[in-house]
Amino acid sequence: MRILLGPLHFPAHWEYMEGSFDDHDCKTFGPHARSDIQVPSMASVDHILAQLPQGWSPDLILIWRPEYGSLPPDLDQAPVPVVTLTNDWYLAFAECMTAAAFSNATVTGSRGEPVFRRAGVDRVFNLPMLGYQPGVDGVVGKDERDIDVFSATNPSWSIHTQRIQDFGCLLDLPADVKVALRSHLTRAQYNDHLSRSKIFVNRTVIGEINMKIYEVTATQTCLFVEEDNLDVRKYLIPDESVVLFNRENLIEKITYYLAHDEERQAIARRGHEAMQGFSYRANMNRIVLEMQRVGRNELMASGRETARTPARERRLRHLAYSLNRSESDVPELLERAQPTSDDVVEQYLWLLCHANAHTQTERIDLKGVDFIPLPDLVDAFDQLRAKHPDYFPLLYSRAFITQYVDREKALVAHDEAVAGLRRGIDIPLGGSAAYLWETDPCCVLQRSAWEAVERHEDPTEALRPRLIYYVRLNQAKLLLLMERFDDAEQALLQAIDAFAGHLEARRILAQLLTMQRRDDAAIEHWYELLRANPIDGGGHSVLFEVLIRNQRTDQAYELMRRYNRLAKVVGDRKTQTHTGGLLARMHPLVEAVGTSGRR
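For what it's worth, the numbering used here labels the leading residue of the sequence shown as -3, then goes sequentially.
What follows is the structure, given as structure tokens:
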């Protein structure tokens, strides 16, 4: 089968599956230099096909992880079946729905499949698309496993809340248990740590099988996975080839298996044997074979949602998708966004492309690119808002961009956005809706939307309090810059009241209270933050200082002991030396005073 795969943007998103399509005649496309067909990020299907070798035409187009890349604008006009391979859909739900609408079929995970169906995607398959790479993953270079417990993660609390809280549990292991918690490891460093580890604790993000399940078992390391994982029992047997845990029994199970080497090693060995058939190459073959089984005619007959909609609507939907991707081609977006009517969505997306250009100038060299100056852009947002006061994406993004020109005016714009939310204004997310928001709000808001779909609820009502949170949070940051501290505190309290489950507003409030020496309230907020994010080194450090200046020595000592343990397990030797010195100096004082039990 001839397969056209892409678009390839960043090596980190696809190089680990190099060789996965060696059983097929496969060519890659995209802006990256290692693509077989090097084309701009939003090149059309016609342009891509024209670059192919003479006589070579694909039987199938695979769109690799559209949550991180781009889409050809005429993808729905492709002459062969188009299948999107979407793994991290939970971080970019709206964009993944757009990619599905441009395609004949979508491949995703076991939790994603029913969510996609409930969101209106007709043809979706639950098939594994990750794996391990023989010769790279699973290469054990150490005879001795000198790390007792290892875990690794992206440190984003908004994405990995549960995993980070598991890390907090690992701090309660005895001091003689060698624990390594790591982030930002290279692939070589990660594999080295795995080959040295006895146990790896893996908490997946949404309960689907993740890369770590393949990679850990490849190194014959004993794998721990959360017990409510949807997939793990399809591959591995509890207590025979995997250990399942919850937060209440995690320490007990780690302690047991560290004390029983033969049992632990047997579980690791059987896990390795069970997962040998799930390399990237094997899993990609399963996907291709399933598409062959379904057949070209049936895939093409299913159609593409956008192919049944007017060309203008398709254009706006693709434009919104591209704006929501940080790697979008700014000059091309500006050109493509030229409005053809007075429609609010069309006018808004055009303005948003220019606002996006301004926010990208620190990251991308845009010299020679013609986009609207900021003061004129703010005026244009104001004029459009006067005509269309109930289009929420406009209210939200206008408040954000105005802060760069006029802070007082931006504060009013934030109030108007909150007022719209409270009066029940509609909140479009998918389709042609796009927002000028950063990574953290994007992940939180989109997760709220798909979780509502999963529960058969209205996503708008799930989004409303979280959007109030982010508008008030941004407003509070502005007020702090303006040194209007009382107003900033009120905005922060309103944010927390709207969405207490997120940490940034509480952290900023705790910092403000600390600065104002309102220590009792600050201490409560710092403890609340550390309960939610127990590996927050900065929180430990500031809380320690506040406790010391309030002569709450016993609490400060216990906090510093935990911080010292945290510094050790994350490999921060400088902080470990510092905290160890503080503990040594504090110990005699704590012994003399005794413990007061204050908290």
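Even for Gly, the Cβ is constructed at its ideal location relative to N, Cα and C.
Touching by the beta-carbon criterion (3+ pairs, under 8 Å), the stretch 12 to 19 and the stretch 34 to 50: no
Backbone CA spacing between F597 and R308 [nearest angstrom]: In the structure displayed, the chain extends from -3 to 595; residue 597 sits before or after that span and is not available.
W60 - containing beta strand (DSSP E), residue span: L56 to W60
Sub-7 Å separation of V239 and K230 beta-carbons: no
Where A8 falls, given that 16 or more other Cβ within 10 Å makes a residue buried: exposed
Length-filtered (3 minimum) beta strand (DSSP E) runs lying within the stretch 75 to 139: 78 to 81, 101 to 104 and 120 to 122
Unbroken alpha helix (DSSP H) run spanning G533, endpoints: G533 to R545
Cutoff 8 Å; reference T591; Cβ partners in own chain excluding five residues on either side: Low local confidence applies: a pLDDT of 47 at T591 is under 50, so the model's placement there is unreliable, and no value is given.
Start-to-end residues for the beta strand (DSSP E) that takes in I(-1): R(-2) to G2
R558 versus E447 - alpha carbon distance: 35 Å
The stretch 320 to 339 contacting the stretch 406 to 418, beta-carbon criterion three pairs below 8 Å: no
Cβ neighbour criterion (16 or more within 10 Å) applied to L488: buried
Pairwise C-alpha distance: F367 and A353: 7 Å
Backbone secondary structure at P234 - three-state DSSP: strand
Segment contact flag, the stretch 472 to 480 with the stretch 495 to 505, C-beta cutoff 8 Å, min 3 pairs: yes
C-beta atoms of S445 and P455 nearer than 7 Å: Residue identity check: residue 445 is Ala in the sequence provided, not Ser. Yes, the pair counts as a contact, with Cβ atoms nearer than the cut-off.
DSSP three-state assignment for Q507, whether helix, strand or coil: helix
Test item: CB-CB of N529 and I160 under 7 Å: yes
Inter-stretch contact (C-beta, 8 Å, three-pair minimum) for the stretch 139 to 153 and the stretch 288 to 307: no
Euclidean distance between Cα positions of T24 and V120: 23 Å
Own chain, CB closer than 7 Å to Y387, minus 5 neighbours either side, in chain order: V340 and Y344
Exposure label - H350; buried when at least 16 CB within 10 Å: buried
K174 in three-state terms, based on DSSP: coil
For G26, the three-state DSSP class (helix, strand or coil): strand
Touching by the beta-carbon criterion (3+ pairs, under 8 Å), the stretch 274 to 283 and the stretch 66 to 76: no
Straight-line gap, A96 to T435 (C-alpha atoms, nearest Å): 22 Å
Neighbourhood of G267 by C-beta, 7 Å cutoff - its chain only, sequence neighbours within 5 removed: T213, L219, L232, S237 and V238
For C218: DSSP bridge partner residues: I195
Run of the beta strand (DSSP E) containing A148, from where it starts to where it stops: I143 to A148
Chain-order list of residues whose beta-carbon lies under 6 Å from that of E450 (same chain, five-residue window excluded): V111
Backbone secondary structure at D482 - three-state DSSP: helix
Assumed close pair E286, L123 - CB separation to whole angstroms, cut-off 8 Å: 6 Å
Check whether L81 and M125 have beta carbons under 7 Å apart: yes
Bridge partner(s) assigned by DSSP for V239: F220
Unbroken alpha helix (DSSP H) run spanning K564, endpoints: T549 to V565
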